[in-house]
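The structure appears below as structure tokens.
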Amino acid sequence: MKEHLDHVTRQLQQATARSTLVATAYIGLELVSRAALALAELCPEPNVPAYQAAILEADEAAIALATAPSLTWPEHDYLADLPDHEEFAAQLITLTLAVHQALLLAANKSHNPADRLACLEAALHAARAHQALR
68 MKEHLDHVTR
78 QLQQATARST
88 LVATAYIGLE
98 LVSRAALALA
108 ELCPEPNVPA
118 YQAAILEADE
128 AAIALATAPS
138 LTWPEHDYLA
148 DLPDHEEFAA
158 QLITLTLAVH
168 QALLLAANKS
178 HNPADRLACL
188 EAALHAARAH
198 QALR
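First residue of the sequence shown: 68, per my numbering; consecutive thereafter.
Shown next, in the form of structure tokens:
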């Protein structure tokens, strides 16, 4: 999973085209949700509510972004070994921030109001997921 988190984070940071930003952000949101779910199983009990909040917000962000008319995405393989809890959590926080930044950039580049709204709404939820993970 570490390699996948790193890969999607790099894709988000390197993306410049709006369609690539939106598609990769969607993939990133799915990964945030899945990784937070895994973390909720691995972490100490006091951290569980934060990871549950991150799962909810990442899912809401993906739902919001799914309304973007320009959203298309490729298939990806999400299977990989999980790192230890602290390292995995740090990677997830980095990815969530990268998703948020990519969505804001995509909204800024969009000329379609529906795309812009979907990206901004998803960015709000991604920011909330990032806050929940911190």
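Heads up, the beta-carbon is just placed ideally off N, CA and C, and yes, glycines get one too.
Taking residue i as the reference, give the member of the options with the closest Cα.
i    : options                : result
A133 : R201, H74, E97, L162   : E97
A84  : A185, A169, R195       : A169
R101 : K69, L184, N175        : K69
H197 : A125, V75, S86         : A125
C191 : K176, A121, F155, T139 : It should be noted that the sequence gives Leu, not Cys, for residue 191. Of the listed residues, the one whose Cα sits closest to L191 is A121.
V75  : G95, A129, L123        : G95
R195 : R77, T87, A117         : A117
Can you tell me whether residue i is buried or exposed, with buried defined as 16 or more other CB within 10 angstroms of its CB?
i    : result
H178 : exposed
A157 : exposed
Q81  : exposed
V99  : buried
T139 : exposed
E266 : Any answer about residue 266 is impossible in this case: the structure gives the chain only from 68 up to 201.
Taking Cβ to Cβ, would you say residue i is nearer than 8 Å to residue j?
i    : j    : result
A135 : V89  : yes
S137 : D73  : no
Q119 : A107 : yes
T163 : A189 : no
L200 : L159 : yes
C110 : H71  : no
L79  : A92  : yes
At which residue ranges does the stretch 94-161 contain complete alpha helix (DSSP H) runs of 4 or more residues, listed in the order of the chain? You should have 115-132.
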